[in-house]
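For the sequence shown, counting from 1, position 388 maps to 388 in the UniProt record's numbering; every step adds exactly one. From the three backbone atoms N, C-alpha and C, an ideal C-beta is built for every residue, glycine too.
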Amino acid sequence: MWFQRARNARKTREKSPAVAFFHPYCNAGGGGERVLWCALRALQNRYPDVSFVVYTGDQGVTGEQILDGARRRFNIRLPRPRLLVEAALYPYFTLLGQSLGSVFLGWEALSAFVPDVYIDSMGYAFTLPLFRYLGGCRVGAYVHYPTISTDMLAVVRQRNPRFNNAQFISRNPLLSALKVLYYLAFAVLYGLAGAASHVVMVNSSWTLGHILALWRAPGRTAVVYPPCDVQAFLGSPLDEHSDRKRHRLVSVGQFRPEKDHRLQIRAFRKLLERRGAGPEREAVTLVLIGGCRNEEDEDRVLMLRGLCQELGVADRVEFKLNIRFEELKSELTSATIGLHTMWNEHFGIGVVECMAAGAVILAHKSGGPQLDIVVPHEGRPTGFLADDEDSYADAMERILALTPAERLEIRQNARASVARFSDPDRGAPDGQAGTVSNSAPWLPTHFTVFTHSAPTRNSCCVLAAPQCVERLARSNQRRSRFSHRDLLSPAVRGIPCPSTRKPETAGGSAEFQLSMKTRLRSCVFCVGILCLYEVREYRQECQGGCS
């Protein structure tokens, strides 16, 4: 194939392997983007002789602005670029249209650059067969949220109106039946596409259940919790002031329809009604913090402001858009309540950050927050869960009525609980505990940006680490053992991984094993990608001596 010849020619020319991430919205500023930048930082630290590429379609921003956004929003520092480019246009589609559109975008990305390893980090599963079968790449996926789920099918079957099920469809039995058939057909295609992945990583127990049901690949699927910047909040004191007169209820999340900010505002209105007029009403403020990806999100913010006016709570609601990490930290550490209302949130990095900062969390009773995050710590409560306007208003009222000592106990439990989600690469390069300094001297010193300017609508911007001539070392000194209960499931044990093989025996054969320490010194992406790349290289070299 032409793509495979192009990759071989590049490897002959550059003498270094390349790992590519497909993330068309890498400048969006959400939890998925945090995972992307943390993975890149960890991989660059661990493998300085490997090239890393990001295929993105953000428009109107330069490569420098994309990397600066990662620093401002997530406190993640990547090396400064040497060449600045404008990113290109990426179109928007419906459920099926967007998936098919991603194939065309993936084709252009593959035409621009053929990597050795391809990682879909944004949920475009339909690009996986393209890179595997046409590009000849080892492919992996990090799934934040399944494109379709059994819960979505249940919503349509039960004819419940939600953000992804319009009222005119839910009210019509025929349209609902047709949509169920459409979802079922799409689920089959989605499962076939996902099955092309060599390694699958998901971000929560909730996502794991749905991906196992759809992709049916338990032998190579694992839960890898997103890296959360817990360390940045742990220095904030948890002292509860008994004389606190004002309370801020802070919500953190992109202004997308599924985040359900309308529910937050309506529940807050009910809380204000119960508190009555005067000082009790003036003592509470709802703060909505989030990022706007595009004009549609900005229009949604205007709609939410209008809803506040309509409900008579505009004077008690603040909107803060695309704020810096320092301001986010200040808001969370001063908040009394951290608010989250997304139904079936896949994980909930914002929930973790609220708990680490010391806010009493009030999250939706579903998905990742219910299964993985807001769970008892050593038998003690770490927060509250709710699922409708009344239960949210009840929980807010209950939290505000707690004594300072009672709130402090919950906050301490929550902070201790979320320490397990801490970003393992946040400290020094050897994984020792620590916090990021302003200079971050252990980070690589360069990060190159170049562009593919094909004369088509979906031109891709490509971010790449500098090309190095040394091959990826295979020293046994940096092989680690891990427990599937912590990071990777036995799912990946079926993949022969020369990167973790024992020394070869006298007969020349190699014994493969895959394991890792509980305290992995770097992001688990390193292990997955190392396996994907080195299986290929070792098979090429051993000339039939390995399976």
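Exercise. For Ile-323, which residues does DSSP report across the bridge?
Worked result: Ile-323 is not bridged to any residue.
For this session: In angstroms with no decimal places, state the Cα-to-Cα distance between Ala-222 and Gly-194.
Result: 14 angstroms
Problem set entry | Complete alpha helix (DSSP H) runs within the segment 277-335 (minimum length 4 residues, chain order) | 279-282, 295-311, 325-334
Problem set entry | DSSP-derived helix/strand/coil call for Arg-122 | The sequence given here has Met at residue 122, not Arg. The DSSP-derived three-state label of Met-122 is coil.
For this session: Measure the beta-carbon distance from Val-360 to Ile-410 and round it to whole angstroms, keeping in mind my assumption that it falls under 8 angstroms.
Result: Rounded, the Cβ-Cβ distance is 6 angstroms, consistent with contact.
For this session: Report the residue ranges of all alpha helix (DSSP H) runs contained in full by the segment 95-149; include only those spanning at least 4 residues, in chain order.
Result: 95-112
Exercise. Residues in its own chain within less than 6 angstroms of Tyr-118 by CB, not counting five upstream and five downstream?
Worked result: Ala-20, Phe-131, Cys-137, Val-139
Exercise. Hey, Phe-255 and His-247 are a contact pair by Cβ (cut 8 angstroms); roughly how many whole angstroms apart?
Worked result: Not quite, the Cβ-Cβ distance comes to about 23 angstroms (not below 8 angstroms), so this is no contact.
Exercise. Tell me, which residues are paired with Arg-244 by DSSP?
Worked result: For Arg-244, DSSP records no beta bridge to any residue.
For this session: Check Ser-251 in the structure and name its three-state DSSP category.
Result: Of the three classes helix, strand and coil, the one that applies to Ser-251 here is strand, per DSSP.
For this session: Let me know the secondary structure DSSP gives Ser-417 once reduced to three states.
Result: helix
Exercise. Taking the alpha-carbon positions, what's the Tyr-183 to Asn-344 distance?
Worked result: 18 angstroms
Exercise. Comparing alpha-carbon positions, which option in Thr-333, Gly-123, Gln-44 lies nearest Val-143?
Worked result: Gly-123
Problem set entry | Limits of the unbroken alpha helix (DSSP H) element including Val-352 | 349-357
Problem set entry | Span separating the alpha-carbon of Gly-209 from that of Ala-125 | Annotation: Gly-209 to Ala-125 spans about 17 angstroms, alpha carbon to alpha carbon.
For this session: Pick helix, strand or coil for Val-224, following the three-state DSSP scheme.
Result: coil
Problem set entry | For Met-201, the first and last residue of its enclosing beta strand (DSSP E) | 199-202
For this session: With His-364 as the anchor, note down where its beta strand (DSSP E) starts and where it stops.
Result: Taken as a continuous stretch (DSSP letters only), the beta strand (DSSP E) holding His-364 covers 360-364.
Exercise. Can you round the beta-carbon distance between Ser-251 and His-346 to whole angstroms, since I take them to be within the 8 angstroms contact cut?
Worked result: So it is not a contact: roughly 17 angstroms between Cβ atoms.
Exercise. Does the segment 399-413 touch the segment 358-378, meaning 3 or more C-beta pairs lie closer than 8 angstroms?
Worked result: yes
For this session: Assign Ser-205 to one of three DSSP states: helix, strand, or coil.
Result: Three-state DSSP puts Ser-205 in a helix.
Exercise. Which whole-angstrom value describes the C-beta separation of Glu-397 and Leu-271, a residue pair presumed to lie in contact below a C-beta threshold of 8 angstroms?
Worked result: 6 angstroms
Exercise. Nearest to Asp-388 by alpha carbon, out of Gly-338, Ile-211, Ile-265, Phe-319?
Worked result: Ile-265
For this session: Measure the Cβ-Cβ separation of Ala-42 and Asp-116 and say whether it is below 8 angstroms.
Result: no
Problem set entry | Residue from Ile-148, Asn-203, Trp-206, Ala-196 whose Cα sits closest to the Cα of Leu-181 | Ile-148
Problem set entry | Per DSSP, the bridge partner or partners of Phe-21 | Val-54, Ile-119
For this session: State the Cα-Cα distance for the pair Pro-173 and Leu-40, rounded to the nearest angstrom.
Result: About 47 angstroms.
For this session: Using the Cα positions of Leu-110 and Gly-306, report the straight-line distance between them to the nearest angstrom.
Result: Taking the straight line joining both Cα atoms gives about 44 angstroms.
Exercise. According to DSSP, is Phe-74 helix, strand or coil?
Worked result: Bear in mind that the predicted position of Phe-74 carries a pLDDT of just 41, short of 50, making it too unreliable to give a figure here.
Problem set entry | Element boundaries [alpha helix (DSSP H), containing Ala-232] | 231-234
Exercise. Hey, Thr-336 and Arg-316: beta-carbon distance below 8 angstroms or not?
Worked result: no
For this session: Would you please state the rounded distance, in angstroms, between the beta carbons of Ala-311 and Arg-244? I believe it to be under 8 angstroms.
Result: Per the sequence shown, residue 311 should be read as Leu rather than Ala. Their Cβ separation, rounded to whole angstroms, is 26 angstroms, which puts Leu-311 and Arg-244 out of contact at 8 angstroms.
Exercise. If you drop the 5 nearest sequence neighbours on each side, which residues of the same chain put their C-beta closer than 6 angstroms to that of Met-355?
Worked result: Ile-361, Ala-414, Val-418
Problem set entry | Through-space distance from Arg-220 to Gln-513, alpha-carbon basis | The predicted model places Gln-513 with a pLDDT of 28, which falls under 50 and marks its position as unreliable; any figure quoted below should be read in that light. Straight-line Cα distance between these residues: approximately 14 angstroms.
Problem set entry | Presumed contact (8 angstroms Cβ cut-off) between Val-200 and Trp-215, rounded CB distance | 7 angstroms
For this session: Alpha carbon to alpha carbon, how far is Thr-403 from Val-53? Give it in angstroms, no decimals.
Result: 52 angstroms
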